[in-house]
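Using the working numbering, the first residue of the sequence shown is number 16, and each one after it goes up by one.
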Amino acid sequence: MDKVFIIAQMEQAHTDAIASGLLLAKQLNKNAEVFAYSYAYFSGPESYNPRLVSVAQKQLMDQREAELKQHLVDLKGEDIPVHMVWSKYLFEHACHHSIRHGFDLMVKAVHHADHYLSTDWQLIRHTRIPLLLLTSNPLTKGNATLMAVDLATHDPIKQQLNSVVVAYGKQLAEATETKLHLAFVLRVPKILRDMDLIDTHALVKKAYKDHQKQIAQFNMDPECIHIIAGEPELCLFELACRLKSEYFVIGARQREGLLGRIIGNTAELVLERMRSNVLIIPADDQLLAPLTW
16 MDKVFIIAQM
26 EQAHTDAIAS
36 GLLLAKQLNK
46 NAEVFAYSYA
56 YFSGPESYNP
66 RLVSVAQKQL
76 MDQREAELKQ
86 HLVDLKGEDI
96 PVHMVWSKYL
106 FEHACHHSIR
116 HGFDLMVKAV
126 HHADHYLSTD
136 WQLIRHTRIP
146 LLLLTSNPLT
156 KGNATLMAVD
166 LATHDPIKQQ
176 LNSVVVAYGK
186 QLAEATETKL
196 HLAFVLRVPK
206 ILRDMDLIDT
216 HALVKKAYKD
226 HQKQIAQFNM
236 DPECIHIIAG
246 EPELCLFELA
256 CRLKSEYFVI
266 GARQREGLLG
276 RIIGNTAELV
286 LERMRSNVLI
296 IPADDQLLAP
306 LTW
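Laid out in C-alpha cells, this is it:
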C-alpha cells in the first residue's frame, strides 16, 4: 500500500496530473508510479498487416514514453517508475491493476474543466480505490476541502462510508493545508420551498440538534459544519463555490444496474455540477475496514 497510481494526462488535458500527483504523493508520504495509456485505430496498409501495426504501435509508445520521461526530469522525478500501456479501455486496466498491485489512491486529470468524459465516469463507477479527479477550473482556486456526508442515513454501509469520507477528507486537508468543511443536505424539493410549505430554517435547526452527537465526533470547528435544506446537487455546488473549495470529497456506493454499474442518481447529479477537484471514495470492502492513510 501507500502507493499512488497516476494516470498521465493526454495533450488536451487542462491539468498536469503528473505534477499534481507527485506533489500530493509527497504530501501524503506515498510512493508514486505513472501509467501512460495509448491506443489508436489504424487504417490503410497497417490495418491488414500485423507487423506494420506492431511497428506503428511501438513508435507511438516510444515517442510518448520519451516525452513523459523528459517531463519527469523537468519535475525532478526521473526516478519515478513509468508504465506504458496499450489499452482501448483505460478504466478496465486501471481499476484492475490498481487494486491487484496494492495502490491506495488513483489520480487523473479531467480533460475539460466543466465536465467529465466517458472515461472519467467509467473510472468513477468501477474504481475500488479512492479516485482523485483534477480540474483547472477557476472555481477551485481556494483553500478549502469540502466533504459531503449523509448524517440521517440508517444504512450501516452508508454510515461506514460517512466515517471513511471524513477520515480521508481530514487527511487530505491536513496534507494540502486546506481548511476542512463538512456538509449535510436535507433533501427538500424546490417546489415545497417556493410555496413556503416547509419551514427550512426550523428543519435545519432541528437537524443540528438531532445530529449533535455525530457532529461532535468529527472534532471539527462548528463554523465549518454546514447543514443545508434543498436539493443536494445544487446546495453542494453552491457551497463549494462560496467556499472556493479546492477539493470535494464524496462517497460512492457503486451498484450493478441494468445499464451497467451506477453510483446512484444523487451522487451522479452532484458530480455533474461540481467544479472542484473531486475525491471519490468507493464503498469497497477493503476501504470500509480500518484505514491505511
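For each residue, glycine too, the CB sits at the ideal point set by N, CA and C. Values in this document were obtained by computation on a predicted structure and should not be read as measured data.
Exposure label - residue i; buried when at least 16 CB within 10 Å
i       : result
Gly-266 : buried
Val-164 : buried
Lys-220 : exposed
Asp-170 : exposed
Ala-81  : exposed
Ser-69  : exposed
Asn-292 : buried
Leu-302 : buried
Residues near residue i in its chain [Cβ-Cβ closer than 7 Å; skip 5 each side]
i       : result
Trp-101 : Ser-53, Tyr-54, Gln-72, Met-76
Leu-273 : Interpretation of Leu-273 is limited by its pLDDT of 49, a score under 50 that renders its predicted location unreliable; the figure taken from the coordinates is listed afterwards. So the list is empty, once near-sequence residues are dropped.
Backbone CA spacing between residue i and residue j [nearest angstrom]
i       : j       : result
Asp-17  : Asn-177 : 22 Å
Pro-247 : Glu-93  : 43 Å
Glu-238 : Thr-134 : 37 Å
Leu-218 : Ala-231 : 19 Å
Ala-282 : Trp-136 : 12 Å
Lys-84  : Val-97  : 8 Å
Ile-295 : Tyr-183 : 10 Å
Asn-158 : Pro-65  : 52 Å
Nearest residue (CA-CA) to residue i, options the options
i       : options                           : result
Ile-172 : Glu-26, Ala-32, Asp-300           : Asp-300
Leu-120 : Ala-40, His-98, Leu-161           : Ala-40
Phe-20  : Ala-222, Leu-37, Gln-229, His-29  : Leu-37
Met-162 : Trp-136, Leu-303, Phe-199         : Phe-199
Asp-225 : Ala-167, Glu-107, Gln-42          : Ala-167
Asp-236 : His-196, Ala-190, Pro-145, Ala-32 : His-196
Asp-89  : Ile-33, Ala-47, Gln-269           : Ile-33
Gln-309 : Ile-240, Ala-217, Thr-215         : Residue 309 cannot be examined here, being either before or after the span of the chain that is shown, 16 to 308.
Pro-297 : Leu-249, Gly-184, Val-180         : Val-180
Gln-74  : Ile-95, His-86, Met-99, Tyr-104   : Met-99
Anticipated Cβ contact below 8 Å, residue i with residue j, distance rounded
i       : j       : result
Thr-160 : Tyr-56  : Between Tyr-56 and Thr-160 the Cβ distance is about 41 Å, and since that is not below 8 Å, they are no contact.
Thr-150 : Val-125 : 5 Å
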